[in-house]
Structures are given as C-alpha cells and as structure tokens.
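What follows is one structure encoded as structure tokens, with my remarks underneath.
Protein chains: 2
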Amino acid sequence: MTLTEENYLKALFHLSLENEEVSVLDLSKSLNIKMPTVNSMVKKLSSKELISYEKYKPLTLTQGGKRAAGLIIRKHRLVEMFLVEHLGFGWDEVHEIAEQIEHIKSQKFFDRIDQLLDFPKVDPHGSPIPDINGEVAVQNYNKLEECLVNQQATFMSVGSSQDSFLKLIDKLNLKLGDKIKVLEIQDFDKTMRVLVNNNSEQTLSQLVATNILVKLNV
Amino acid sequence: MTLTEENYLKALFHLSLENEEVSVLDLSKSLNIKMPTVNSMVKKLSSKELISYEKYKPLTLTQGGKRAAGLIIRKHRLVEMFLVEHLGFGWDEVHEIAEQIEHIKSQKFFDRIDQLLDFPKVDPHGSPIPDINGEVAVQNYNKLEECLVNQQATFMSVGSSQDSFLKLIDKLNLKLGDKIKVLEIQDFDKTMRVLVNNNSEQTLSQLVATNILVKLNV
DNA sequence: AATTTTTGTTAGACTATTCTAACATTATAG
DNA sequence: CTATAATGTTAGAATAGTCTAACAAAAATT
Ligand SMILES: [Mn+2]
Ligand SMILES: [Mn+2]
Ligand SMILES: [Mn+2]
Ligand SMILES: [Mn+2]
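Chains as they are written, first to last, in our numbering: chain H, 543 to 760; chain X, 543 to 760.
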C-alpha cells in the first residue's frame, strides 16, 4: 500500500468515528484534496476491497480497510508517544512527524518502539493505541462541558489536537490525569471556573470545555 | 526536495567517494534504475544546480549538491546509530529502515536523536556522521588485507555493509574497536590468521580482510 | 412539483517517476 | 584508423496522484 492510500484509509476511519455517514465531500475536505481526485482514489481502494463504494452512496471501510487503517493509526500513536517520552517533544509538536513516520515499512521498527514504551495503551493526547490487529478500544469519556457544578472528574483525553488548543491547555497548566472540579458555570456563555488538583483555579470557555474529555469521579 | 531526488544525490555522493569519475551508467547500476531515467533525473538536478552536467561528461555534485547529500547521509547514519543503540537492532538490520527515515522532514527530529545519542561521530559501521553542514570527515584507515604478519591494528570500520558480510563479522565475534594482530598470511590465497583482543584466533579470507578497515597500532 | 443548491461523477490535462526502443557518441580493439 | 562495443541520449509511453471544467444526480427550498 502506498503512503497516499494509507492516508485516505486513515482519514476515512477517523471520519467514520465522528459521523454516522461519510461522503466523498467529507473525505475531500478532511484530506484537502479535490473531490474528483478523491472519487478516483475511492474507486481504486474499492477495487482493492478496502472501501465499500457505490455511486452516490456514503463511504464505508471494509473489514480489511478498518484493520489496515487501525494498524496505521497504531503506528502513528506509538510514534507520537515515543517522540514525547523519549525525544522530549511537546504534545503539540508530534502529529506532523508521526504523520510521516507512520508510513515506514518495518513491522519490527514499530514493535521495538512499542516495547521501549512498555506497550502503552494511549497516546500523548489520551487517544487509544490500536492493538496489533488494528482494533481500537472504545473510549467512553464525557465532555467537561456537560458536567454540572460540583462535579469532580479526571482529565483523560482531548477532543481536538489543534496546535492552538494543545498550547492553550499547556498554558492553563492542565495535564492528562489531572483532577478537575467544576466550581461555577456562567449562565450567559457557559464559561466554567474549575479547580485543578485541589490547587489552582482556571477559567475555561465553553469551546475549551467541550474539548476536554473526562472520566466522572462517581 | 523529493525522496527520489535525495536518493539520487546520495548515490552520486557515495560513488564519487569510491571512484575518480562517475558515469550515468554507474549511477544507473547503483540505483537499479535504467539509464534513460537517470539521464532525465540528472538533467533535472542539474537545472536545480545540485549536479554539474554536460552531455557525455562524468557527473559531479555542485557545492550545494554535496552539502545536500551530506545532510541526508547525516540523517541516515544518525538513525542507524539510534536503531542500534536504543532499539536493539543488529548492525545488519538498520540500513533498510534508515533508508526510509532519512527522508523525514523535520530538522528537530534529527537534532533530538543526535542529542539523545550524545552527538556521535560515527555510525554503527564505523562510517563518519557528517556535521550539521553536511561536511564529512575523511577517514584514513587501512585495509586489514594490506597488513603484514605481526602488525597490530584496531578494527575501526567496515568496507562493505552487505548483510552477509556484517553477519559473518558477527559470527567471527569481531566488533568495532577490537585489537587485531596478524599471525599468519597464506601465500597461496592470502588467507589471514589473526588474534583478536589477545584472546581468540580467527581465520579470514582475503575478501573479508579487504573489508575490515583498521587503524595501525604504531 | 419545480427550482435551486449541494454533492458526486466524468473527461481531459498535468507533473513526477519510471520504462522500452531506437538512435548517437565515445571508447576500445584489432 | 576503421569496426565493434560500451555508454549516453532522445522519443514515446505507462502509472500514480493531482487538478479544472463540465455535466449529472440527489437533496433542500420554495
Ligand atoms: Mn496525531
Ligand atoms: Mn500520514
Ligand atoms: Mn546505511
Ligand atoms: Mn533513502
């Protein structure tokens, strides 16, 4: 499989998680590639039995396509973890590099990185690392946005990996694993005041709170 | 620069070290790409001022081409070193992977690997790692083949990175840095009997001895 | 139900990299 | 100094991946 094909599969996989149905246009926007190009690549991947395609119908991955995509995402996330844990990169710097290294052809290379990291289950953004069969564990986290006053929760994952968002979370001194307690929610704009680790107070816009995924503490 | 262009430059660089003049045919053989293809790529790289090209004349790298090639080789060798030192690969397993990773677009990634390795000067095969300007230190080693009986020397580098050669060196229990003393040379076939680290005796064919590069111990 | 908007498809072109076949030049050997 | 061999170049075609322009179908709006 080529680097290009791998990127298409991965994009379709991600879109399929977020949306009920995925259109050619969705894929086109997500890859920043024009629709006719996507159309022909979809046909090609369909002929390889990786995508199920019928004219004018939504796109879906076949079992094989899902597995292939899962395996690429596994490599991507292992690499991100390695870059943070062993090369000292910030979580906002790793995606671009992982986007390239995920296409390296060497099973053993990724196996060794997995081993070096002691078989991590999540990447630096809290996203699950698919297993050796490309299976992704389903995470069932809540958006901090949906929590009520006095709710306590643990910061488990981020809903966006945009640079600016990650940098903001850094600036707010928030890290995965932090305990968050909702102190106050503004009626007007849903801005939240929260207490982090029983320690520092922060104010979060609704947009930020939407992208902070938490596990509720009972 | 594309991955393909980088590979052409690197190949020309290596050939230029080994031979006085490099022809289109040499480059074609070394890359396993047919002559007409090489011919057109050479023209392209010439238009980018990376290769000096005149019809029917030998090929040479421009200053810029040399620098670019040196920088790719730097990445290649840093990666090989990393694979051996941190991921436990054998020196016979790293070339293929480095051949891919050398094309990753991220200065910082390679800088961090350099730092992690504590700024190594040679790769796992004893070849020099070019500096940040792509400059390669000239090594002045002797072939073990050329040593006389009773000569003592230190194993510094290998003249071939062929899998089978590296595996043989492993099997002979030879490692870079080992002290080698020539005990006997067969007149008939130049086979050498040597003493390694004042410890174990080994018999080396002339072909093997040619590819063992040593520093003479006075 | 008709019209407009959105989405999807087809056709045709372009660049990068490769190839084969044919021809040209240079080098080598008698 | 020719004839042959080796090397190099040109021409033309193929594949992968991309694009724009034009047309088609489906969905949304009146
Ligand atoms: Mn990522
Ligand atoms: Mn990618
Ligand atoms: Mn190598
Ligand atoms: Mn390479």
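Every residue, glycine too, gets a C-beta built ideally from N, C-alpha and C.
All figures in this text were calculated on a predicted structure; none of them were measured in a lab.
- In this structure, H:L725 and H:V736 form a Cβ contact; the two beta carbons are roughly 6 Å apart against a cut-off of 8 Å.
- Listed in chain order, the non-local C-beta contacts of H:K723 below 6 Å within the same chain comprise Q694, L737, local neighbours out to five positions each way being set aside.
- Ordered by chain, the residues meeting the criterion of a beta-carbon within less than 6 Å of a non-hydrogen atom of ligand 3 are X:H618, X:E622, X:H637, X:A640, X:S703.
- In terms of CA proximity to H:D568, H:L557 leads the group H:L557, H:E562, H:P578.
- The Cβ atoms of X:K685 and X:L755 lie closer than 8 Å to each other.
- Counting along the chain, the unbroken beta strand (DSSP E) around X:A695 starts and ends at 694-700.
- Those residues of the segment 710-726 of chain H placed with their C-beta closer than 7 Å to a C-beta in chain X do not exist.
- Here the C-alpha atom of X:P662 lies approximately 8 Å from the C-alpha atom of X:L620.
- For H:L725, the enclosing beta strand (DSSP E) stretches over residues 721-727.
- Checking the DSSP bridge columns, you'll see H:T602 partnered with H:S594.
- Within the segment 630-659 of chain X, the residues whose Cβ lies closer than 9 Å to any Cβ of chain H are, in chain order, G630, F631, E635, E638, I639, Q642, I643, H645, I646, K647, S648, K650, F651, R654, I655, Q657, L658.
- Within the chosen limit of 7 Å, ligand 4 does not reach the beta carbon of H:E627 with any heavy atom.
- About 17 Å separates the beta carbons of H:L551 and H:I643, which is beyond the 8 Å limit, so they are not a contact pair.
- For X:M734, there is no enclosing alpha helix (DSSP H); the residue is part of the beta strand (DSSP E) that begins and ends at 734-738.
- Around the CB of H:E596, fewer than 16 other CB atoms lie within 10 Å, so the residue is classed as exposed.
- With 16 or more other Cβ atoms from the protein chains shown falling within 10 Å of its own Cβ, H:M734 counts as buried.
- By a beta-carbon distance limit of 8 Å, X:S699 contacts X:Y683. Their separation comes to about 6 Å.
- Counting along the chain, no alpha helix (DSSP H) covers X:Q744; the unbroken beta strand (DSSP E) around it starts and ends at 742-746.
- By alpha-carbon distance to H:T604, the top candidate from H:L710, H:K757, H:L554, H:Q748 is H:L554.
- DSSP assignment within the segment 599-660 of chain H yields the following whole alpha helix (DSSP H) runs of 4 residues or more, N-terminal first: 605-629, 636-643, 649-658.
- A check of alpha carbon separations from H:R616 across H:S742, H:F697, H:P666, H:L629 identifies H:P666 as the nearest.
- Approximately 6 Å separates the beta-carbon atoms of X:E677 and X:G612; this is inside 8 Å, confirming the contact.
- Distances between the C-beta of X:N549 and the heavy atoms of ligand 4 include at least one below 7 Å.
- With a beta-carbon spacing of about 6 Å, H:V564 and H:P600 fall inside the 8 Å limit used to define contacts.
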